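Engineer: Sharing a structure below in structure tokens format, with a few things to ask.
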Amino acid sequence: MTKFVDTHSHIYGPEFDEDFEETVARAKTAGVAALVFPGIDTTYYGRLVERSSKFPGYAFPCIGLHPTSVGEDWEKEMQFVRDHIDERKYFAIGEIGLDGHWSTEFMEQQKKVFREQMIMAYERNMPVIIHARDATEALYEVLDSLKGIVLHGTFHAFSGSFETYRRLSGYGDFYFGIGGVLTYKNSTLPETAAKMPLDRLLLETDSPYLTPVPHRGERNESSYIPIIAERLALAKGMGINEIADITTSNAEKLFGIDIQTG
Ligand SMILES: [Zn+2]
42 MTKFVDTHSH IYGPEFDEDF EETVARAKTA GVAALVFPGI DTTYYGRLVE RSSKFPGYAF
102 PCIGLHPTSV GEDWEKEMQF VRDHIDERKY FAIGEIGLDG HWSTEFMEQQ KKVFREQMIM
162 AYERNMPVII HARDATEALY EVLDSLKGIV LHGTFHAFSG SFETYRRLSG YGDFYFGIGG
222 VLTYKNSTLP ETAAKMPLDR LLLETDSPYL TPVPHRGERN ESSYIPIIAE RLALAKGMGI
282 NEIADITTSN AEKLFGIDIQ TG
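All residue numbers for the sequence shown refer to this note's numbering, where the first residue is 42 and numbers rise by one.
In structure tokens form, the structure reads like this:
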């Protein structure tokens with residue numbers, strides 16, 4: 042049977058308080074064999090741990106301070122990550138990165154927090170989940186400052202050009218998360234993804250955000266992964282089974298997880 046991994050899902054969030062278990066059941070029915078739950082900040086931490094523990098071996102928790110949560114209390118938030126990172130099995134440090142879309146007020150702090158978490162990942166040999174939005178120069182600045190250490194991870198919700206993909210690939214052992222943007226009218230992502238090697242791609246929904254067509258405007262959920270896989274199969278001229286097999290094996294390698302079969 043076709044097995045997918047949703048490598049970026051926030052279905053542990055309050056948007057799913059009414060139907061979390063049903064949402065997981067729908068994902069399983071759709072062939073989604075594992076979910077990666079990236080962290081955001083202290084306000085999400087309890088529910089992330091609690092909801093992932095309901096589905097061990099299926100929902101994989103991660104820890105990290107999200108760039109849009111870097112504000113006045115960033116020191117306290119960062120200390121929380123330092124204090125909790127080694128307390129249980131986390132499958133990645135994330136999501137971390139830079140976001141200049143909503144505000145650049147704390148960009149210097151964002152860079153500091155991003156860099157420190159990249160080093161934490163390196164020291165523990167953990168993968169990173171990187172969120173980068175409207176902060177290109179700052180992103181390269183931080184990545185340049187980390188040259189010399191070998192990092193592995195994923196650039197989540199990738200929608201850059203082929204040149205950006207090539208440049209980012211030069212910074213380490215990186216994968217690229219492909220999501221709902223692939224299905225959007227006027228998106229250049231299908232052309233770019235067609236050229237990117239499949240052994241560097243991961244599928245993700247970013248639920249509840251970035252809902253793929255034809256559900257755009259509604260809450261996104263992990264059961265929509267096959268819609269993204271279908272679109273990627275079309276862009277690459279491949280069968281959906283091949284897309285599923287390779288992207289699932291990429292996710293297993295990156296996150297060190299073993300997808301349950303059957
Ligand atoms: Zn996210």
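Just so it is clear, CB atoms sit at the ideal spot from N, CA and C, and this is done for glycine as well.
Quick caveat, the model's predicted, so the values are computed rather than measured.
I think Ile-171 touches Leu-223, with their Cβ atoms under 8 Å apart; what is that distance to the nearest whole Å?
Structural biologist: Working through the sequence shown from its first residue, we reach residue 171 at position 130. Working through the sequence shown from its first residue, we reach residue 223 at position 182. About 18 Å; that fails the 8 Å criterion.
Engineer: So is Lys-152 buried or exposed if we call it buried at 16+ other beta carbons inside 10 Å?
Structural biologist: For the purposes of this step, residue 152 is taken as the residue at position 111 of the sequence shown. Under this definition Lys-152 is a buried residue.
Engineer: What would DSSP say about Leu-239, mapped onto helix, strand or coil?
Structural biologist: Indexing the sequence shown from 1 puts residue 239 at position 198. It is helical.
Engineer: Within its chain, find whatever has a CB closer than 8 Å to the CB of Met-237; leave out the 5 residues flanking it on each side and keep chain order.
Structural biologist: In the sequence shown, residue 237 corresponds to position 196, counting from 1. Phe-203, Tyr-206, Phe-217.
Engineer: Which ranges does the beta strand (DSSP E) cover as unbroken runs of at least 3 residues, wholly within the region 144 to 186, from first to last along the chain?
Structural biologist: Correct list: 169 to 174.
Engineer: Please work out which residues of its chain come closer than 6 Å, Cβ to Cβ, to Asp-247, disregarding the five sequence neighbours upstream and downstream, and give them in chain order.
Structural biologist: Numbered from its first residue, the sequence shown carries residue 247 at position 206. Only His-49, Ala-198, Gly-220 meet the Cβ criterion.
Engineer: For Ile-219, does the three-state DSSP call read helix, strand or coil?
Structural biologist: Mapped onto the sequence shown, residue 219 falls at position 178. Reduced to three states, the DSSP call for Ile-219 is strand.
Engineer: Just how far apart, CA to CA, sit Val-46 and Pro-253?
Structural biologist: The count along the sequence shown starts at 1 and reaches residue 46 at position 5. The count along the sequence shown starts at 1 and reaches residue 253 at position 212. Rounded to the nearest angstrom, the two C-alpha atoms are 16 Å apart.
Engineer: May I ask you to report which of helix, strand or coil DSSP gives His-125?
Structural biologist: As a first step, residue 125 is located in the sequence shown; it is residue number 84 there, counting from the start. In the structure shown, His-125 sits in a helix (DSSP, three-state: H, G or I).
Engineer: Apart from the five residues on each side of it in sequence, which residues of its chain come closer than 6 Å, Cβ to Cβ, to Arg-67?
Structural biologist: In the sequence shown, the residue the question calls residue 67 occupies position 26. Cβ within range, chain order: Ser-264.
Engineer: Suppose the cutoff is 7 Å on Cβ atoms and the five residues either side in sequence are ignored; what does the same chain contact list for Val-90 look like?
Structural biologist: Within the sequence shown, the letter at position 49 stands for residue 90. For Val-90, where only same-chain residues beyond five positions count, the Cβ hits under 7 Å are Pro-102.
Engineer: Please state if the CB of Ala-74 and the CB of Lys-44 are separated by a distance shorter than 8 Å.
Structural biologist: Numbered from 1 along the sequence shown, position 3 holds the residue referred to as residue 44. Numbered from 1 along the sequence shown, position 33 holds the residue referred to as residue 74. A contact, by the Cβ cut-off of 8 Å.
Engineer: With H, G and I counted as helix, E and B as strand and the rest as coil, what does DSSP make of Ala-270?
Structural biologist: The count along the sequence shown starts at 1 and reaches residue 270 at position 229. Ala-270: helix per DSSP, three-state reduction.
Engineer: How many angstroms separate the CA atom of Pro-231 from the CA atom of Ile-281?
Structural biologist: As a position in the sequence shown, residue 231 is number 190, starting the count at 1. As a position in the sequence shown, residue 281 is number 240, starting the count at 1. Approximately 15 Å between the Cα atoms of the pair.
Engineer: Give me whichever residues DSSP pairs with Val-46 in a beta bridge.
Structural biologist: In the sequence shown, the residue the question calls residue 46 occupies position 5. In the DSSP output, where bridge partners are listed per residue, Val-46 has Ala-75.
Engineer: Mind checking whether the beta-carbon of Glu-136 lies closer than 7 Å to any heavy atom of ligand 1?
Structural biologist: As a first step, residue 136 must be located in the sequence shown, where it is residue number 95. Answer for Glu-136: yes, Cβ within range of ligand 1.
Engineer: Taking the alpha-carbon positions, what's the Asn-291 to Leu-239 distance?
Structural biologist: To locate residue 291, count along the sequence shown from 1; it is residue 250. To locate residue 239, count along the sequence shown from 1; it is residue 198. C-alpha separation (whole angstroms): 9 Å.
Engineer: Here's the rule I'm using: 16 or more other beta-carbon atoms within 10 Å means buried, otherwise exposed. How should Gly-303 be labelled?
Structural biologist: Here residue 303 corresponds to residue number 262 of the sequence shown, with the count starting at 1. For Gly-303, the predicted structure reports a pLDDT of 46, less than 50, and the residue's modelled location is therefore unreliable. The matter cannot be settled from this model.
Engineer: Mind checking whether the beta-carbon of His-142 lies closer than 7 Å to any heavy atom of ligand 1?
Structural biologist: What you label residue 142 is simply residue 101 of the sequence shown in a count that begins at 1. His-142: no, Cβ never under 7 Å from ligand 1.
Engineer: Check whether the Cβ of Pro-79 sits closer than 7 Å to any heavy atom of ligand 1, and report yes or no.
Structural biologist: Indexing the sequence shown from 1 puts residue 79 at position 38. It does: the Cβ of Pro-79 is within 7 Å (strictly closer) of some heavy atom of ligand 1.
Engineer: Going straight from the alpha carbon of Leu-243 to that of Lys-117, what length do you get?
Structural biologist: Here the question's residue 243 lines up with position 202 in the sequence shown. Here the question's residue 117 lines up with position 76 in the sequence shown. If I take the Cα positions, the gap works out to 32 Å.
Engineer: Mind pulling the alpha helix (DSSP H) runs of 4 or more residues that sit fully within the region 246 to 292?
Structural biologist: For the region 246 to 292, whole alpha helix (DSSP H) runs of length 4 or above, ordered along the chain, are 266 to 277.
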